[in-house]
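Undergrad: Listed in order, the protein sequences are those of chains A and B. Going by full-length UniProt numbering, the first sequence opens with residue 1, and the numbers climb by one from there. Going by full-length UniProt numbering, the second sequence opens with residue 1, and the numbers climb by one from there. We put the beta carbon where it would ideally sit given N, CA and C, even for glycine.
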Amino acid sequence: MADERTFFNEMLDETGEPRQAYARLAQWLEDKPANFLTKKSRDAEMVFRRLGITFAVYGAQEATERLIPFDPIPRIISAAEWRRLSAGIDQRVRALNAFLHDIYHRQEILRAGRVPADLVLQNEAFLPEMAGFTPARKVYAHIIGTDLVRVSENEFYVLEDNTRTPSGVSYMMENRETMMRLFPELFQSHRVAPVEQYPENLRQTLESVAPDPAKSNQTIVVLTPGIYNSAYFEHAFLADSMGVELVEGRDLFVDSGKVFMRTTRAPKQVDVIYRRIDDAFLDPLTFNADSMLGVPGLFDAYRAGSVTICNAPGTGIADDKAIYAYVPDIIEFYTGQKPILNNVPTWNCSRPDDLAYVLDNLEDIVVKEVHGSGGYGMLIGPTASKREIAEFRRVLEANPSNYIAQPTLALSACPTHVASGIAPRHVDLRPYVLIGDQVRITPGGLTRVALKKGSLVVNSSQGGGTKDTWVLED
Amino acid sequence: MLGRTASSLFWMSRYHERAQNVTRLLEVGFRGAIISHSGQEDGTHWTFALSCSGCEKDFAQKYDELNLRNVAAFMIFSKDNSDSVRHCLELARNNARAVRTSITAELWEAINTTWIEFNEVNPQTITQDTLPDFLAWVNQRSHLFRGALLNTILRDDGYFFSQMGNFVERADNTARILNTQYWTLLPDSDIVEDGSAERYQWSAILRALSGRRSYRFAYPNARLKAFNIAEFLILRTEMPRSLAHCYDWIADTAEDLAQFYGSREPSLDLASEISRELSEKQMREIYQQGLHEFLTEFVGKNNQFAKQLSEDYNFA
Numbered sequence: 001m002a003d004e005r006t007f008f009n010e011m012l013d014e015t016g017e018p019r020q021a022y023a024r025l026a027q028w029l030e031d032k033p034a035n036f037l038t039k040k041s042r043d044a045e046m047v048f049r050r051l052g053i054t055f056a057v058y059g060a061q062e063a064t065e066r067l068i069p070f071d072p073i074p075r076i077i078s079a080a081e082w083r084r085l086s087a088g089i090d091q092r093v094r095a096l097n098a099f100l101h102d103i104y105h106r107q108e109i110l111r112a113g114r115v116p117a118d119l120v121l122q123n124e125a126f127l128p129e130m131a132g133f134t135p136a137r138k139v140y141a142h143i144i145g146t147d148l149v150r151v152s153e154n155e156f157y158v159l160e161d162n163t164r165t166p167s168g169v170s171y172m173m174e175n176r177e178t179m180m181r182l183f184p185e186l187f188q189s190h191r192v193a194p195v196e197q198y199p200e201n202l203r204q205t206l207e208s209v210a211p212d213p214a215k216s217n218q219t220i221v222v223l224t225p226g227i228y229n230s231a232y233f234e235h236a237f238l239a240d241s242m243g244v245e246l247v248e249g250r251d252l253f254v255d256s257g258k259v260f261m262r263t264t265r266a267p268k269q270v271d272v273i274y275r276r277i278d279d280a281f282l283d284p285l286t287f288n289a290d291s292m293l294g295v296p297g298l299f300d301a302y303r304a305g306s307v308t309i310c311n312a313p314g315t316g317i318a319d320d321k322a323i324y325a326y327v328p329d330i331i332e333f334y335t336g337q338k339p340i341l342n343n344v345p346t347w348n349c350s351r352p353d354d355l356a357y358v359l360d361n362l363e364d365i366v367v368k369e370v371h372g373s374g375g376y377g378m379l380i381g382p383t384a385s386k387r388e389i390a391e392f393r394r395v396l397e398a399n400p401s402n403y404i405a406q407p408t409l410a411l412s413a414c415p416t417h418v419a420s421g422i423a424p425r426h427v428d429l430r431p432y433v434l435i436g437d438q439v440r441i442t443p444g445g446l447t448r449v450a451l452k453k454g455s456l457v458v459n460s461s462q463g464g465g466t467k468d469t470w471v472l473e474d
Numbered sequence: 001m002l003g004r005t006a007s008s009l010f011w012m013s014r015y016h017e018r019a020q021n022v023t024r025l026l027e028v029g030f031r032g033a034i035i036s037h038s039g040q041e042d043g044t045h046w047t048f049a050l051s052c053s054g055c056e057k058d059f060a061q062k063y064d065e066l067n068l069r070n071v072a073a074f075m076i077f078s079k080d081n082s083d084s085v086r087h088c089l090e091l092a093r094n095n096a097r098a099v100r101t102s103i104t105a106e107l108w109e110a111i112n113t114t115w116i117e118f119n120e121v122n123p124q125t126i127t128q129d130t131l132p133d134f135l136a137w138v139n140q141r142s143h144l145f146r147g148a149l150l151n152t153i154l155r156d157d158g159y160f161f162s163q164m165g166n167f168v169e170r171a172d173n174t175a176r177i178l179n180t181q182y183w184t185l186l187p188d189s190d191i192v193e194d195g196s197a198e199r200y201q202w203s204a205i206l207r208a209l210s211g212r213r214s215y216r217f218a219y220p221n222a223r224l225k226a227f228n229i230a231e232f233l234i235l236r237t238e239m240p241r242s243l244a245h246c247y248d249w250i251a252d253t254a255e256d257l258a259q260f261y262g263s264r265e266p267s268l269d270l271a272s273e274i275s276r277e278l279s280e281k282q283m284r285e286i287y288q289q290g291l292h293e294f295l296t297e298f299v300g301k302n303n304q305f306a307k308q309l310s311e312d313y314n315f316a
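Printed below as a string of structure tokens:
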């Protein structure tokens, strides 16, 4: 596991001196009185609650709207580090879109044997309904959140690609707003690359993939499952900051192959749908017939080219955990270049050799469900009890193809405000990428932090918090 | 604007108005309970609050005793009573949340903070000593909501629909309170000498509709009389809770909406028809028709207007 002695400390070097990017922040932290951050954290929490920046926790009985804990100490990334990261992300998202186009058309990569055909064609996330259809600009995944972890000065790994409906971008924006309110002096002493252009960029991206990009007034909507969805705040936030309607499935209908929204006046035709509902719920006529969230006939209208859905149906295949292991091959196949960012070595438990290794080393590695998310249904060997490992072994043996395994990474740590003062806590990073007429990467992203000492689980549903992430400009 | 958005704005305002109306009824009940001459808590004063909000029967099914604790539990905090303050505030907020993108940050914060602070109140702490302050707080939060709405929201269709919700609810509330107590407002009771029983009911009605002081300005001789009180609350447009005032506002809003959209819908004609009837009516005619019949008919028309509005503008 992340041995407390060997993880990479992003602020301090081996001698305990602040690294260059953190020099000013470290000094500033030292100069502040002991209870300063406690008070500021409380101020921040009040702002978040009043604004309703909450998420819903499934399974919790009462108080289902919760705040994600916000850590007031920013995470800092130098300009040089960011250049390399963004080049790697850019390469990766282009390759994944090329992969999606290929598997829904000629399937060259399967024919070349670089990715096993069964893994794609038998995959639940592969939508045969998308075969032969080409979305505008050949872009499938328009909004991607690439999950990264850092293990040393120069080593970043991609954990997941999140090509379906990545969430959290509203926290990136609100965290920044809150930081600017709490610590204006820090923004004077650091040149922090702004993130406020994200909604504008998102809108440009969506407009650029409209069925008729020449049309001057594109009608864009954000499609939400409704106020009880865990990310509802974000859906409203994005619609609001782009200046577009926030709709539910029942607000839309299809007539003569076109999608309209029900307004107080005449129905209005919709050009682009930024959907925040899963493929299976998009259209009860094509997918899940029981869905109350979707729009009957939407998929046919989409295939007929009268409306663009972002992300495209069927993009889930690109961030499937079983496909993940092949992403380096995918990058080489479509770009002809070596991947800039590393993949975490992954054992595929459906392979007997891999399974045997995993079963022999359960106490040292991380095992994840292929289709799981949110930190549920996974085993972190080094922190699990003997009994938990034994139980997981049984589950794994019963259905090995449902699991992949990875070595436990020593996630880097950042200074974090905790009860005892300031202490290093493990973090990951999710930068947000937009792909349309160009690839736009917002500098920084969302840093998630595991608030419990030694914990490697950063998911908000498991007690993780967030930090503002600063990319410094040269 | 989405039909569903129009609907949510309408109901957001409507539920907020209802929360405030229920609160005022409780204030009247509380006042009656503490000044009752017998010196002990007299449950009958709470009956006024329960019957005006139409939940007397539901209350009786759940509670044996009519006292402050039970009435507060039922009318303020109950999750089962669809007219409790809690339920109204929750639905007002849910509707606001569904249209976060169509309301201002000021308005959202007013609604959201009310809901958060309301939830922090432990019902056990509401006693005879704390109830008045608590009710005053709910009232102030309602005023803050309305103020934030009037001061910050764009004067477009969203504004018009939220006004409709507010005044449809207010008109309904006024008509129901009068109808529950109509027998104390019959002109005959004018001539029953002394009439201290009616006097209590009259001032309760005026208090429940925030009209006790303004009545004295509207009727310079200031004597409480059934005829005047009925006229004040039904026909006088300067009284902000009278039926005539509510429909003045609704009809004006209907005109604005017609102009905004560039077309007239049946609901708008219905609004101006109801408004015209009220402005042409004399109190004497209402008594001739029968006060109870008139009020019952009005509640029906008001409902019909709301229904027509939701049909005309595709409320989901």
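Considering only residues of the stretch 317 to 399 of chain A, which uninterrupted beta strand (DSSP E) runs meet the minimum length of 3 residues and lie entirely inside it, listed in chain order?
TA: 365 to 369
Undergrad: Straight-line CA distance for residue 477 of chain A to L379 of chain A?
TA: No answer is possible for residue 477 of chain A: the residues shown for chain A start at 1 and end at 474.
Undergrad: Taking the alpha-carbon positions, what's the V28 of chain B to T296 of chain B distance?
TA: 23 Å
Undergrad: What's the call for M261 of chain A, buried or exposed, on a 16-neighbour Cβ count within 10 Å?
TA: buried
Undergrad: So, is the C-beta of R4 of chain B closer than 8 Å to a C-beta in chain A?
TA: Output row for R4 of chain B: interface = yes.
Undergrad: Residues of the stretch 259 to 280 of chain A with a CB closer than 7 Å to any CB of chain B: list them in chain order, please.
TA: M261, R262, T263, T264, R265
Undergrad: Within 10 angstroms of the Cβ of F59 of chain B, are there 16 or more other Cβ atoms? Answer buried if so, exposed if not.
TA: Counting every other CB atom within 10 Å of its CB across the protein chains shown gives F59 of chain B a total of 16 or more, marking it as buried.
Undergrad: Beta-carbon of I116 of chain B versus every beta-carbon of chain A: anything under 8 Å?
TA: yes
Undergrad: Are I274 of chain B and Y247 of chain B closer than 8 Å when you measure CB to CB?
TA: yes
Undergrad: Anything in chain A within Cβ reach of E109 of chain B, meaning under 9 Å, just list it in chain order.
TA: R50, L51, G52
Undergrad: Just the C-alpha distance for E265 of chain B and Q304 of chain B, rounded to the nearest angstrom, thanks.
TA: 14 Å
Undergrad: Under a three-way DSSP split, which group does G257 of chain A fall into?
TA: coil
Undergrad: Counting only Cβ-Cβ distances shorter than 8 Å, please list the residues of the stretch 211 to 222 of chain B near chain A, keeping chain order.
TA: Only those residues of the stretch 211 to 222 of chain B whose C-beta falls short of 8 Å from the nearest C-beta of chain A would be listed, and there are none.
Undergrad: Should G59 of chain A be labelled buried (16 or more other beta-carbon atoms within 10 Å of its own) or exposed?
TA: Bear in mind that the predicted position of G59 of chain A carries a pLDDT of just 48, short of 50, making it too unreliable to give a figure here.
Undergrad: With distance defined between alpha-carbon atoms, name the residue in B:E231, B:R284, B:Q181 nearest to L50 of chain B.
TA: B:Q181
Undergrad: Select from B:A6, B:A316, B:E311, B:Y313 the residue whose C-alpha is nearest the C-alpha of G158 of chain B.
TA: B:A6
Undergrad: Take D13 of chain A and list the residues in its own chain whose beta-carbon comes closer than 6 Å to its own, dropping the five residues that flank it on each side.
TA: Result list for D13 of chain A: R19, in chain order.
Undergrad: At 7 Å on the CB atoms, spell out the chain B contacts of A450 of chain A, in chain order.
TA: Simply none; closest approach about 28 Å.
Undergrad: Would N67 of chain B pass as an interface residue toward chain A - the criterion being a Cβ-Cβ separation below 8 Å?
TA: no
Undergrad: Residues of chain A with CB under 7 Å from M1 of chain B, in chain order?
TA: Simply T263, T264.
Undergrad: Under three-state DSSP, which class holds A316 of chain B?
TA: For A316 of chain B, the secondary structure class from DSSP, reduced to helix, strand or coil, is coil.
Undergrad: Using three-state DSSP, classify D71 of chain A as helix, strand or coil.
TA: strand
Undergrad: Could you compute how far the alpha carbon of D147 of chain A sits from the alpha carbon of Q27 of chain A?
TA: 30 Å
Undergrad: Alpha carbon to alpha carbon, what distance is there between E10 of chain A and L119 of chain A?
TA: 38 Å
Undergrad: With a 10 Å radius around its C-beta and 16 neighbouring C-beta atoms as the bar for buried, classify L36 of chain A as buried or exposed.
TA: In the sequence as displayed, the identity of residue 36 of chain A is Phe instead of Leu. Exposed, since its Cβ has fewer than 16 Cβ neighbours within 10 Å.
Undergrad: Report all residues from its chain with a CB closer than 7 Å to the CB of I365 of chain A; omit the five preceding and five following residues, and keep chain order.
TA: Apart from the 5 residues on each side of it in sequence, I365 of chain A sits with its Cβ closer than 7 Å to the Cβ of V358, G381, A405, Q406, P407, T408 in its chain, given in chain order.
Undergrad: Can you tell which of A:V457, A:G463, A:P443, A:K321 has the C-alpha that lies nearest to the C-alpha of R83 of chain A?
TA: A:P443
Undergrad: Can you list the residues of chain A that N314 of chain B reaches, using a CB-CB cut of under 8 Å?
TA: R262, T263, T264
Undergrad: Please tell me whether N21 of chain B and N173 of chain B are closer than 8 Å, where the distance is taken between their beta carbons.
TA: yes
Undergrad: Using the rule of at least 16 other Cβ atoms within 10 Å of the residue's Cβ for burial, across every protein chain shown, is M164 of chain B buried or exposed?
TA: buried
Undergrad: Please give the ranges of any alpha helix (DSSP H) in the stretch 238 to 269 of chain B, keeping only runs that are unbroken, at least 4 residues long and fully inside the region.
TA: 243 to 261
Undergrad: Between the stretch 85 to 102 of chain A and the stretch 334 to 354 of chain A, can you find at least three pairs of beta-carbon atoms closer than 8 Å?
TA: yes
Undergrad: By a C-beta neighbour count over all protein chains shown, 10 Å radius and 16 as the cutoff for buried, is Q140 of chain B buried or exposed?
TA: exposed
Undergrad: Rounded to whole angstroms, what is the Cα-Cα separation between G39 of chain B and D256 of chain B?
TA: Only weak support exists for where G39 of chain B lies, its pLDDT of 48 falling under 50; the value from the coordinates is given anyway. Rounded to the nearest angstrom, the two C-alpha atoms are 53 Å apart.
Undergrad: Kindly identify the DSSP beta-bridge partner or partners of G465 of chain A.
TA: A:V449
Undergrad: Classify M242 of chain A as buried or exposed, calling it buried when 16 or more other Cβ atoms lie within 10 Å of its own Cβ.
TA: buried
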